[in-house]
Amino acid sequence: MKQGKLKARGRLGTGAMYHMMMLPGILFLLVFSYIPMVGVITAFQDYVPAKGMFGSEFVGLKHFIYMFKLPDIAQVISNTLVIAIAKILLGTLMAIIFSVLLNEIRVKYVKKSVQTIVYLPHFLSWVVLASVVVNMFSLDGIVNQMLAFFGLDHINFLGSNTWFQPLIIGTDVWKEFGYSSIVYLAAITSIDPGLYEAAGMDGASWWRKVWHITLPGMLPIILLMGVMSLTNILSAGFDQIYNLYNPVVYETGDILDTYVYRIGLVGRQYSFGTAVGLFKSVIGIVLLLSANQLAKKYTDRKIF
Amino acid sequence: MRTKWSMKSKPLTKRLAVLSMSALMVTALAACGGASTPPTAEEAGKYEVTPGDPFSAYKDEITVTMGRVTTANPKLPAGDTYENNAYTRLVKDTFNAQITDQFEANGEDYSRQVSLAIASGELPDMMRVDSKDELKELVDNDLIEDLTTIYDQYATDNIKQIYDSYDGRALDNATIDGRLMGLPATSLDSAPTMVWVRQDWLDLLGIQLDPDGDGAISLEEVEKTAQEFLKRDPGQTGNPVGIPFVNTLNTTDYNASAYTMLGVASTQGAFPQYWMNGEDGKIVYGSTTEETKQMLGIMADWFKNGIIDPQFGTRTFDDITALYTNGQSGIAFGPWHIPDWGLISVKQMDKNAKFSAYTLEDADGNVNVAHANPSNQFIVVRKGYEHPELAVKIVNLFYDKLANDKDVATTMPEAAKYQETGVDGSTRPFNIEVNSATSLLDDYSDVVRGIKGEIGLDEVRTTESKNNIGSIKTYLSDMDTDDVTAWSKYHSRINGVGLIDKLTQENKFVWMTPAFSGTTSSMKQTWANLTKLEQESFIKIVTGSEPLDYFDTFVSNWKKQGGDQVIQEIEDEIASKQ
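Chain order of the listed sequences is U and F. So for the first sequence, my numbering puts the first residue at 122; every next one is plus one. So for the second sequence, my numbering puts the first residue at 43; every next one is plus one.
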């Protein structure tokens, strides 16, 4: 009897230990993610900082209705979607191609240094990189000097509604593809080398090996990353655009975040800003859940 | 028996909900802790050496946190900062009050910081707000101190006289429901936007601008000069750029008019962003008039012909200053004081640089000017700050004592040194100006007579003018001097204010008085969008991505998207006052 009790306590003890280890994480989530969620009620109020969250007047869906009445909202949402989707697609594609190619490099230090060089921009903030981009792409910058060298016309990249989106997408892909290729490289490493040997014996070319072994091997990770990135579909990169845009390219460059920032925060319409934030999150979660379902249906793999 | 432990039996979710609610209550209560009743001057007397005195020090050191508006090039001596410089040390020595900066920022960044401070409820003890709208919001939310009695008790007679010289407009503007809620900056009734042209380049290329010498030139003359500068590249950079403009208008604040299209607008009798009385007695928004359309037409032609910067719209304020500094451009639109803080960097790079100031005349030879809006800057004191009277005392110190003391060099040597070497006034604790309505031309008259020796230095009213006389004399004795302060003071006072003085005496100005300044209730929600619409449409027209007739589309959009309602509200407000 005595022994049994001890045993039970022991089991409970180890279990409690593990649960204790979760505690900091739970607390962290609670304090920084869940408690602030109460703040979404300000989206349904005319929030006045001095009156606080409980003193401000409730106005129902007023701010959501206002958002959809804004004359530019359709343009802004479409900019956001175009920029975000292009960034996800091109960024993923570049990262996959890069990791497959990098995997072929056999000289270790070359591989390592190439890797480090392409990671680097990821660690610099857009505040820094924006000035580099502005310098390169301004009318007398190096890109335009090169165009002139080949006898082409100058292009005002930062002030052209045709070129601004490609510039935003291109520079973002350049900044991030190295870093996001890390997971793909890891996925490639976990593929059984035996498969390659076998394919080699059967006379498969390099291309065949990539197509039939490497890419299928990476597929689960590609899907996972794809589904995860869908949650950010309405966040097309505030830092980058805020640091690069100007009124000339509001038409093609304004995304939800920058628009709301100007109309909402600078104009001190806090409730409106919250309403848009909430709207973004709801769309994000709907997309995440449906993509997860689709992934299960068609590939039998899902995140949760 | 139910004890508090009975909670244990409730589901976890419920308990979490209670926990998070109580956590919220704690934060909410903590936020309320800041509010308290404001101390009267008598109570404040407990802390002061001589209670109620305009310059009284505190017995024990007090601290005051501030939001500070900075500038790009304040010329501070090495080691000094906005937070710790001769002026802040002067406050420490005089009042035993230590200034610390809660935030320092410039331009739009500053308004953002103010917005954030209001949003988070963590206001600095004192800060500048830049619109009546913000002032109203702070009052509505009961976040700032009522300064009415404190002002009466503490402001010196001189300061009161200065504010009164605006016939009550200055203090009225800071008064809400009969209570003085902030200390207003004074906005001198101004002058036209000027055109500053590199005189050394004109000489080099043998161009004679303004042959009749009346100081007013036409748009065609500006255009021709710009073309010559582009063609012949007097700065020898190999990369000359046309006249650069910023993408904002900001015309209702004369001091912020640098690099804007306001000068071009004035030649067409256009007053973008002002509320004007229309011919039929109705309120008209200046940006939507036929005259403004004409201005945009001219700008669009200029853009097409390369007379203005091909990167119009994408340049920031600093980018533009850099174009002048590099010698890529030599024509600048800006107010009379632009040599002191903007063009001074040109002189630093190129010792031969000289600028002449002109104004733009319309087809009939008139110079059109709008009266400036009454002050839009206010110093406010956080509700609950223990020593609100310190704000008035700081104003006394800088805008009365320091400005009028005949013997600053011995009484406040460090500050005197700053003034001599031309350290920017923005480094004072409050980045505002408090001057009497006529001070610009009064000071000019002092300076001119001082230089000629008609009056002695002890008869000059302000220390600043005294220093200016010294600087200008230095410049006149050696025009190639390396003393950039001497260069800038000569340019701003003699070239800039001199021109205003001359045109005022010749009665060349045609003044427009705005019908309304301020904000209405629906502007809070619609104005940000309307401003964006205006800015975007104007840039599109100028850069040619939309034809000039797009202006009419802009006007009808502007009206539909809330403009008509704003006009209605303004008309109601004006009607209710009559």
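Glycine residues also receive a C-beta, built at the ideal position from the N, C-alpha and C atoms. Values in this document were obtained by computation on a predicted structure and should not be read as measured data.
- The DSSP-derived three-state label of F:Q203 is helix.
- Identification of chain F residues near U:Q390 by a Cβ-Cβ cut-off of 9 angstroms yields K566, Q567 and A570, ordered along the chain.
- DSSP lists F:R110 as the beta-bridge partner residues of F:E146.
- Taken in chain order, the members of the segment 346-361 of chain F whose beta-carbon sits within less than 7 angstroms of a beta-carbon on chain U are P352, Q353, G355 and T356.
- F:Q603 has a beta carbon lying within less than 7 angstroms of a beta carbon in chain U.
- In this structure, F:F359 and F:Y301 form a Cβ contact; the two beta carbons are roughly 7 angstroms apart against a cut-off of 8 angstroms.
- Residue state for F:Y316 is assigned as coil, using DSSP reduced to three classes.
- Under a criterion of Cβ atoms nearer than 9 angstroms, no residue of chain F is adjacent to U:N265; the nearest Cβ is some 11 angstroms distant.
- Each of F:Y208, F:Q155, F:K101 and F:A114 was checked against the Cα of F:A414, and the nearest Cα belongs to F:Y208.
- A buried status is given to F:E187, since no fewer than 16 other beta-carbon atoms sit within 10 Å of its beta-carbon.
- With fewer than 16 other beta carbons inside 10 angstroms of its own, F:L499 counts as exposed.
- Along the length of the segment 536-588 of chain F, whole beta strand (DSSP E) runs at least 3 residues long occupy 551-554, reported in chain order.
- Residue nearest to F:D447 within the set F:K508, F:A433 and F:N368 is F:K508 (criterion: CA-CA distance).
- For a Cβ distance threshold of 7 angstroms, nothing in chain F lies close to U:G374: the least Cβ distance comes to about 11 angstroms.
- Pairwise C-beta distances place the segment 430-437 of chain F in contact with the segment 187-197 of chain F, as three or more of them are shorter than 8 angstroms.
- Secondary structure at F:L402: strand, using DSSP grouped into helix, strand and coil.
- For a Cβ distance threshold of 8 angstroms, residue set A570 and K574 of chain F lies close to U:R383, ordered along the chain.
- For U:N367, the closest Cβ of chain F is nearer than 7 angstroms.
- Along the segment 135-155 of chain F, going in chain order, the ones with a CB nearer than 8 angstroms to a CB of chain U are E150, S153 and R154.
- Within its own chain, the residues whose Cβ lies closer than 7 angstroms to the Cβ of U:V369, once the five positions on either side in sequence are excluded, are G280, listed in chain order.
- For U:Y139, the closest Cβ of chain F is not nearer than 7 angstroms.
- A distance of 7 angstroms or more separates the beta carbons of F:P234 and F:S329.
- Excluding the 5 residues flanking it on each side, F:K515 has same chain C-beta neighbours closer than 7 angstroms at I493, in chain order.
- With contacts defined by Cβ atoms closer than 7 angstroms, F:N418 and F:G311 do not form a contacting pair.
- Boundaries of the alpha helix (DSSP H) harbouring F:R491: S481 to K494, taken from the DSSP string.
- In the three-state DSSP reduction, U:F271 falls in the coil class, being neither helix nor strand.
- Here U:V228 is exposed. Its C-beta has fewer than 16 other C-beta atoms within 10 Å.
- At a cut-off of 7 angstroms between C-beta atoms, U:Y371 counts as an interface residue with respect to chain F.
- Contact annotation, F:K335 with F:L590: C-beta distance approximately 7 angstroms; criterion of less than 8 angstroms satisfied.
- Counting other Cβ atoms within 10 Å of its Cβ, F:I474 reaches 16 or more and is therefore classed as buried.
- DSSP places U:Y391 in the uninterrupted alpha helix (DSSP H) bounded by Y391 to T420.
- The residues F165 and Q166, in chain order, have a CB closer than 7 angstroms to that of U:F179 in the same chain once the five nearest residues on each side in sequence are set aside.
- In the displayed model, F:N138 falls within coil according to three-state DSSP, outside both helix and strand.
- Contact of F:N183 with chain U is assigned, a C-beta pair being separated by under 7 angstroms.
- In this structure, F:V106 places its C-beta atom within 7 angstroms of the C-beta atom of F:A139.
- When C-alpha distances from F:F551 are compared across F:D404, F:K602 and F:A268, the shortest belongs to F:D404.
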